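Have a look at the structure below, then the notes.
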Amino acid sequence: MSVASAVLRVETWLLATWNIKVPLMWLEACVNWIQEENNSANLSQAQINKQVLEQWLLTDLRDLEHPLLPDDILEI
Numbered sequence: 003m004s005v006a007s008a009v010l011r012v013e014t015w016l017l018a019t020w021n022i023k024v025p026l027m028w029l030e031a032c033v034n035w036i037q038e039e040n041n042s043a044n045l046s047q048a049q050i051n052k053q054v055l056e057q058w059l060l061t062d063l064r065d066l067e068h069p070l071l072p073d074d075i076l077e078i
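Shown next, in the form of structure tokens:
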């Protein structure tokens, strides 16, 4: 499976399953890193999805270009 198709599938899965939207650049880098860490093993889409979600959970969300909370959250 190509990186591009894996990225598109993960993007769709994250949005449909978890309502998570991540920057495409971050997602591509994440999938590339996962494949490198697994020595380019033939991972299933479910394995890639799981590992991307784990990385997203560990990510400092302030570093992503998609803010998750409204700017005025402290004033609400």
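Throughout, the numbering used here is defined as the position within the sequence shown, counted from one, plus 2.
Glycine is no exception: its CB is placed at the ideal position from the N, C-alpha and C atoms.
From a predicted model like this one, the values you see are computed outputs, not experimental measurements.
Here Lys-52 carries a helix assignment [DSSP, helix/strand/coil].
Here the alpha carbon of Trp-20 sits roughly 16 Å from the alpha carbon of Thr-61.
Relative to Met-27, the option among Leu-59, Ala-6, Ile-75 whose CA is nearest is Ala-6. Cβ neighbours of Arg-11 within its own chain (closer than 6 Å, five residues either side excluded): Gln-47.
The alpha-carbon of Gln-37 is positioned some 14 Å away from that of Glu-56. Look at the segment 14-67 and you find these whole runs of alpha helix (DSSP H), each 4 residues long or longer: 26-39, 47-60.
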